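Residue numbers (the working numbering): 280 to 416.
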């Protein structure tokens, strides 16, 4: 296991390295995470406040933060391509790293589906849908 792993946004202009010592790997099905990702769930790695070293290696000036005005929800993303990037939770102070932003495998596999009562009903059948290496023919 690497002590540090690399991550980046889709356009590659924002890059970072982060300690590969995560406390949890959760798939969050809450409405906010579904809306912000445009998907069935957010795939997030968590580390306790101050426990995770994060270093922006390029493009820090391209980071943009969205703080929801009515609750403690936060999203940090690249201004160029919109990719979600690591951030500190406003509610808990935990470091949250979107798993899809990592360029290498993290130390943990997904452990929990959280806020399951809010999951998209179509997700139940999506899990058993056929797998393919590209678009179906």
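For every residue, glycine included, the Cβ atom is placed at its ideal position computed from N, Cα and C. All values derive from a computational prediction rather than experimental measurement.
Residue 344 and residue 294 do not touch by the CB rule: their CB atoms are close to 18 angstroms apart, not below 8 angstroms. Taking a contact to require three or more Cβ pairs closer than 8 angstroms, the stretch 345-361 and the stretch 320-336 do not qualify as touching.
For residue 336, the uninterrupted beta strand (DSSP E) segment begins and ends at 333-337.
If you check the CB distance, residue 305 and residue 398 do not come in under 8 angstroms.
Residue 331 and residue 405 have their C-alpha atoms some 33 angstroms from each other. At a Cβ-Cβ threshold of 8 angstroms, residue 326 and residue 302 count as neighbours.
Within the stretch 364-415, the runs of alpha helix (DSSP H) at least 4 residues long that lie entirely inside it are, in chain order, 402-405. For residue 355, the enclosing beta strand (DSSP E) covers residues 353-357. Among the bridge pairs identified by DSSP, residue 313 is matched with none.
Residue 324 and residue 376 have their C-alpha atoms spaced approximately 5 angstroms apart. When the Cα atoms are used, residue 333 and residue 282 turn out to be separated by approximately 12 angstroms.
For residue 301, no beta strand (DSSP E) segment is defined, and its DSSP state is neither H nor E. Ranked by Cα distance from residue 395, the first of 409, 307 and 285 is 307. Per DSSP, residue 286 is one residue of the beta strand (DSSP E) stretching across 283-287.
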